[in-house]
Amino acid sequence: MQPTSSMNEEFLKKWQMGLQIVRPSIDNTSVSERKKAIKLSADIAMASLRKGTTCWSRALIQKTATEDNFLVRQMLSGIKEEALINKRLPKKVVCHRKIVRRSKKILRRKTKSACEEAAAKAKKLVKRRTQGLRNVVPGGDLMSNDVLLLQETLDYIMSLQTQVNVMRSIVDAAEAGTEQ
Amino acid sequence: MGFSCYKYPFLLYPHLTLPLLCFFLTLFLTATCFLNPKKKMKMNGGAIEADLLLNCTDMSVLERQRAHLKYLNPGFDSPLAGFFSGSSVIDGGVIDGFLGTDGLNLPMIYGENTVEGDPRLSISPETMTGTRNFKKRKFDTETKDCDGKKKMMMNRHEEEVEEEEKSKITEQNNGSTKSIKKMKNKAKKEENSCSNDSSKVTKELQKTDYIHVRARRGQATDSHSIAERVRREKISERMKFLQDLVPGCDKITGKAGMLDEIINYVQSLQRQIEFLSMKLAVVNPRPDFDIDDIFAKEVASTPMTVVPSPEMVNSGYSHEMVNSGYSNEMASSGYLHFNPMQQVDTTTSDPLSCFNNGQAPSMWDSHVQNLYGSL
Chain A
1 MQPTSSMNEE FLKKWQMGLQ IVRPSIDNTS VSERKKAIKL SADIAMASLR KGTTCWSRAL
61 IQKTATEDNF LVRQMLSGIK EEALINKRLP KKVVCHRKIV RRSKKILRRK TKSACEEAAA
121 KAKKLVKRRT QGLRNVVPGG DLMSNDVLLL QETLDYIMSL QTQVNVMRSI VDAAEAGTEQ
Chain B
1 MGFSCYKYPF LLYPHLTLPL LCFFLTLFLT ATCFLNPKKK MKMNGGAIEA DLLLNCTDMS
61 VLERQRAHLK YLNPGFDSPL AGFFSGSSVI DGGVIDGFLG TDGLNLPMIY GENTVEGDPR
121 LSISPETMTG TRNFKKRKFD TETKDCDGKK KMMMNRHEEE VEEEEKSKIT EQNNGSTKSI
181 KKMKNKAKKE ENSCSNDSSK VTKELQKTDY IHVRARRGQA TDSHSIAERV RREKISERMK
241 FLQDLVPGCD KITGKAGMLD EIINYVQSLQ RQIEFLSMKL AVVNPRPDFD IDDIFAKEVA
301 STPMTVVPSP EMVNSGYSHE MVNSGYSNEM ASSGYLHFNP MQQVDTTTSD PLSCFNNGQA
361 PSMWDSHVQN LYGSL
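Chains A and B are the protein sequences, given in the same order. According to full-length UniProt numbering, the stretch in the first sequence is residues 1 to 180, in order. According to full-length UniProt numbering, the stretch in the second sequence is residues 1 to 375, in order.
In structure tokens form, the structure reads like this:
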């Protein structure tokens, strides 16, 4: 499941479009501003490749829309932007902390054998890591399902790889151009 | 099945036991031939018949026995139905003793043969005569004989055989009684000759079914555990894909370690993107123009370097490739598409190489080739 060349091409096209939109606003600004714009456009380009089919892309678009709504709207004008942005994300499950803690205490009272304890420890470790993954992947805390989370992570990693590939090649080319 | 095969080798080799039986029959016949010189002429005919029997292995035991009895009693008639069972018993006994010298475990075999042969023998006269009244009488006598024999057999075996084998014998006896009942109902020869075999086959089938079901007993079958199993399988499948995707993850076993690695990888990718966008912002004040420029160059370059010539690789590129850590294979395949400007600055100090060596981890190299191929 390596990122394909067609994905690279598509991403490059999108990104170029985004940069053209961004260009007048960042022509004479600081480096950090420019960097932010570039990163935002790249993120949106990456997310728009999925066309709203995946959870992480929708979450990413929502996040970027809070930062630069105009850019997002411009970049997603090709596809159904409304559908993309306004698509309902699954609601976060909210539960009362005290109640959860109490129930955990009740569970803990049961005496366990050594084997069970080890299994519980391993489970706890995995749970913590899964939580970490949720924090890393955009929209991860909205995925209640472990299977869904892993699937989205797979997809997210693929698109991240594409993005990095394209950006790196562009940077290389740009550096070469300046040297020239 | 295992112990029965061990104790009754004829069950394993039915095709061997039948010719053996025939062989011993002929031996017996020849012996009697020598003893009774009066019947010599007939005996010769009998020997020929026996030879024929030996040749045609398809014939059932019943047919052979009937032929043998026919030969022994040329004036064979239906009233001699009682004689049949008796003669068969005598036969069995004689041959039994005859074979006992060979050290084979034959009392069992012959006992069983007689038990199995009884229903068949009881048919044979009926088929010969074809009179109904006789049939009924004959059946009565036959069944009585059979029962008596069974009792005898049971007594004989009870002394020798363990409980399990006993039960088996009773099963067989039951089978024989069943077959007798069938005969009473249908009075068809072929069906009865087949019935024992078919019953054996069905028994075996039942046994295999039982084993098959038993093999599945380990797994829980309620819907919750099945769903849980499906979920776990799905997760492990995804984890396998992730292992393929994330470099260095295939060495790690365990879910927690793999998740750690995945998190690290995703974070490194995100940091990489940050860094690259920063770099792009620093290097070029007008990034979109830059990309346009690259595209123009790329479009211009593609017709030139569709077929990468070996001279080009050898002259200008080779040392650059080595410096930047690219393999020769990449140079020959996709890398040349992107290179009109680098062709120019081979003489200058190489920016690519320093970037590659300084910042980018080696894992990107393979992906870069992909992009160059696409452009």
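Glycine included, C-beta positions come from ideal geometry on N, C-alpha and C.
Whole angstroms is fine: what's the gap from residue i's alpha carbon to residue j's?
| i | j | result |
| --- | --- | --- |
| Lys105(A) | Lys121(A) | 16 Å |
| residue 187(A) | Val266(B) | Because chain A spans 1 through 180 in this model, residue 187(A) falls outside it and cannot be assessed. |
| Glu117(A) | Asp244(B) | 32 Å |
| His212(B) | Leu125(A) | Because the pLDDT of His212(B) is 39, which lies under 50, any placement of that residue in the model is unreliable, and the number read from its coordinates should be weighed accordingly. Their backbone Cα atoms lie some 40 Å apart in a straight line. |
| Ser103(A) | Cys95(A) | 12 Å |
| Lys234(B) | Val147(A) | 7 Å |
| Ile273(B) | Met46(A) | 12 Å |
| Gly139(A) | Leu150(A) | 12 Å |
| Thr253(B) | Lys240(B) | 11 Å |
| Leu154(A) | Arg168(A) | 21 Å |
| Lys13(A) | Ser159(A) | 14 Å |
| Glu36(A) | Arg229(B) | Sequence check: residue 36(A) is Lys here, not Glu. Lys36(A) and Arg229(B): Cα-Cα distance of roughly 45 Å. |
| Glu237(B) | Trp56(A) | 20 Å |
| Lys51(A) | Ile61(A) | 11 Å |
| Leu142(A) | Glu10(A) | 28 Å |
| His224(B) | Arg134(A) | 26 Å |
| Thr66(A) | Ile157(A) | 23 Å |
| Arg97(A) | Asn145(A) | 20 Å |
| Ala81(B) | Thr221(B) | Note that Ala81(B) scores a pLDDT of 42, beneath 50, so its modelled location is shaky; the value from the coordinates is reported in the next line. The alpha-carbon atoms of Ala81(B) and Thr221(B) are separated by roughly 59 Å. |
| Gln131(A) | Arg58(A) | 20 Å |
| Gln20(A) | Gln270(B) | 23 Å |
| Lys123(A) | Asp43(A) | 34 Å |
| Ser32(A) | Ala176(A) | 22 Å |
| Met258(B) | Arg232(B) | 16 Å |
Less than 8 Å between the beta carbons of residue i and residue j, yes or no?
| i | j | result |
| --- | --- | --- |
| Val166(A) | Trp15(A) | yes |
| Leu64(A) | Leu40(A) | Note that residue 64(A) is Thr in the sequence shown, not Leu. Yes. |
| Ala174(A) | Leu280(B) | yes |
| Ile226(B) | Val136(A) | no |
| Thr178(A) | Val246(B) | no |
| Thr162(A) | Met7(A) | yes |
| Asp260(B) | Arg129(A) | yes |
| Glu152(A) | Thr53(A) | no |
In the DSSP assignment, the alpha helix (DSSP H) including residue i goes from what residue to what residue?
| i | result |
| --- | --- |
| Ile273(B) | Lys255 to Val283 |
| Ile61(A) | Cys55 to Glu67 |
Helix or strand or just coil, what does DSSP make of residue i?
| i | result |
| --- | --- |
| residue 192(A) | As shown, chain A starts at 1 and ends at 180. That puts residue 192(A) outside it, with no answer to give. |
| Arg50(A) | coil |
| His224(B) | helix |
| Gly132(A) | helix |
| Gly248(B) | coil |
| Thr178(A) | helix |
| residue 412(B) | Any property of residue 412(B) remains undetermined from this structure, which presents chain B solely from 1 to 375. |
| Cys95(A) | coil |
| Val166(A) | helix |
| Thr29(A) | coil |
| Gln137(A) | Note on residue identity: the sequence assigns Val, not Gln, to residue 137(A). Val137(A) falls in the coil class under three-state DSSP. |
| Ser236(B) | helix |
| Ser113(A) | coil |
Heavy atom of the ligand ATP less than 7 Å from the Cβ of residue i, yes or no?
| i | result |
| --- | --- |
| Gln272(B) | As presented, the structure is devoid of all ligands, the ligand ATP included, so that no description of it is given. |
Legend entry - Residues from the stretch 131 to 160 of chain A in contact with chain B, defined by Cβ distance under 8 Å: Hits within the stretch, in order: Gly132, Leu133, Val136, Val137, Asp146, Val147, Leu150, Gln151, Thr153, Leu154, Tyr156, Ile157, Met158 and Leu160.
Legend entry - Against chain A: residues of the stretch 222 to 250 of chain B by CB proximity under 8 Å: Residues Arg231, Lys234, Ile235, Arg238, Met239, Phe241, Leu242, Asp244, Leu245 and Val246.
Inset, instruction - Return the residues of the stretch 259 to 280 of chain B that lie within a Cβ-Cβ distance of less than 8 Å from chain A, sorted by chain order. - result: Within the stretch 259 to 280 of chain B, the residues whose Cβ lies closer than 8 Å to some Cβ of chain A are Leu259, Asp260, Ile262, Ile263, Tyr265, Val266, Gln267, Leu269, Gln270, Gln272, Ile273, Glu274, Leu276, Ser277, Met278, Lys279 and Leu280, listed in chain order.
Inset, instruction - For the stretch 164 to 176 of chain A, enumerate the residues whose C-beta is nearer than 8 Å to any C-beta of chain B, in chain order. - result: Going along the stretch 164 to 176 of chain A in chain order, one finds Val164, Asn165, Val166, Met167, Arg168, Ser169, Ile170, Val171, Asp172, Ala173, Ala174, Glu175 and Ala176 with a Cβ nearer than 8 Å to chain B.
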